[in-house]
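Below: one structure, written as structure tokens.
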Amino acid sequence: MDKDDKDIRKEIEELEKLIEQVRKQNEEEKQKQKKNLGPRGPVVIKINLGMEYSRNIFVNLLISFVVNFLIIFGLFNLINFAYIADPIYIILIALILTFYEELLRRYLVKNFMSIVVFSSGLIFFLMNLILLYFIDLVIFRDQFYFNSHWDPIIFVMFLHFVRTIIKIIYIRIVKQINLKRLRRRR
Numbered sequence: 010m011d012k013d014d015k016d017i018r019k020e021i022e023e024l025e026k027l028i029e030q031v032r033k034q035n036e037e038e039k040q041k042q043k044k045n046l047g048p049r050g051p052v053v054i055k056i057n058l059g060m061e062y063s064r065n066i067f068v069n070l071l072i073s074f075v076v077n078f079l080i081i082f083g084l085f086n087l088i089n090f091a092y093i094a095d096p097i098y099i100i101l102i103a104l105i106l107t108f109y110e111e112l113l114r115r116y117l118v119k120n121f122m123s124i125v126v127f128s129s130g131l132i133f134f135l136m137n138l139i140l141l142y143f144i145d146l147v148i149f150r151d152q153f154y155f156n157s158h159w160d161p162i163i164f165v166m167f168l169h170f171v172r173t174i175i176k177i178i179y180i181r182i183v184k185q186i187n188l189k190r191l192r193r194r195r
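Start counting at 1 in the sequence shown, then tack on 9, and there's your number in our numbering.
Structure representation (structure tokens):
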């Protein structure tokens with residue numbers, strides 16, 4: 010019996026050693042996977058076609074208005090796209106554009122997401138173009154008008170391009186601030 014007990018104990022010890030080796034290998038593999046994925050996990054590219062500055066609608070409207078106003082003011086002063094009788098019309102155009110975009114974006118994303126996805130956001134470009142032609146030809150006829158029929162197209166392209174860059178920078182800054190807050194709490 011002693012011999013059987015010793016054999017069994019040796020086998021148990023060998024099994025325990027093997028189990029320990031398997032655990033170490035599993036831990037090493039987990040470490041390798043974490044290193045391969047990086048500290049943030051796998052790299053994922055997100056495209057947000059309905060980008061917002063904030064989840065709060067009032068904050069989003071306020072920031073959108075300020076950004077739209079600054080971009081519109083800057084583009085009209087840097088590049089002479091249109092005749093503007095009074096600077097108040099820039100404020101009115103920015104207000105109209107901000108509310109129009111917000112309502113249209115929410116409506117399309119909620120009810121017609123497939124159109125937004127299939128058009129890759131081009132639907133927003135076309136809707137802004139229609140709005141600016143409407144503002145030019147119907148709303149502010151003599152007080153605001155584009156110099157040529159190509160100017161609204163170029164203007165909307167610049168508007169979308171600059172605004173996308175600003176939104177990306179804004180979102181990165183907000184993420185950095187939130188990360189700093191989280192680190193302080195720990």
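Even for Gly, the Cβ is constructed at its ideal location relative to N, Cα and C. Everything numeric in this text was worked out from a predicted model, so none of it was measured.
I think residue i touches residue j, with their Cβ atoms under 8 Å apart; what is that distance to the nearest whole Å?
i, j, result
"Ile-81", "Ala-103", "5 Å"
"Ile-124", "Ile-132", "6 Å"
"Phe-153", "Ile-66", "Incorrect: roughly 28 Å between the Cβ atoms, too far for contact."
"Phe-3", "His-169", "An answer regarding residue 3 cannot be provided, because it is not within the stretch 10 to 195 covered by the chain."
"Thr-107", "Phe-155", "The Cβ separation is near 20 Å, so there is no contact."
"Val-118", "Asn-137", "Not a contact, Cβ separation roughly 15 Å."
"Lys-177", "Val-76", "Note that residue 177 is Ile in the sequence shown here, rather than Lys. With 8 Å as the limit, Ile-177 and Val-76 do not qualify as a contact, their Cβ atoms being about 12 Å apart."
"Ile-100", "Phe-78", "6 Å"
Taking the DSSP output, what are the residues bridged to residue i?
i, result
"Ile-93", "Phe-153"
So does residue i have its beta carbon nearer than 7 Å to some heavy atom of the ligand PLP?
i, result
"Ile-102", "Looking for the ligand PLP in the displayed structure turns up nothing, as the structure carries no ligands at all."
If distances are taken between C-alpha atoms only, which option among the options comes closest to residue i?
i, options, result
"Ile-180", "Lys-19, Asn-69, Ala-91", "Asn-69"
"Asn-89", "Phe-74, Asp-14, Asp-160, Ile-100", "Asp-160"
"Leu-84", "Ile-163, Lys-189, Leu-101, Arg-190", "Ile-163"
"Leu-87", "Phe-167, Lys-19, Glu-38", "Phe-167"
"Glu-110", "Gln-185, Leu-141, Ala-91", "Leu-141"
Looking only at its own chain, which residues have a Cβ that is under 6 Å from the Cβ of residue i, when we skip the five neighbours before and after it?
i, result
"Val-183", "none"
"Ile-17", "none"
Near residue i, what residues of its chain come up, given a Cβ to Cβ distance below 8 Å and the 5 sequence neighbours on each side ignored?
i, result
"Tyr-98", "Phe-149, Gln-152, Phe-153"
"Ser-157", "none"
"Gln-185", "none"
Which same chain residues, not among the five before or five after residue i, have their C-beta less than 7 Å away from its C-beta?
i, result
"Arg-172", "Val-76, Ile-80"
"Tyr-116", "none"
"Glu-5", "Nothing can be reported for residue 5, as the shown portion of the chain is limited to 10 through 195."
Inside the stretch 97-123 only - alpha helix (DSSP H) runs reaching at least 4 residues: Complete alpha helix (DSSP H) runs here, min 4: 97-120.
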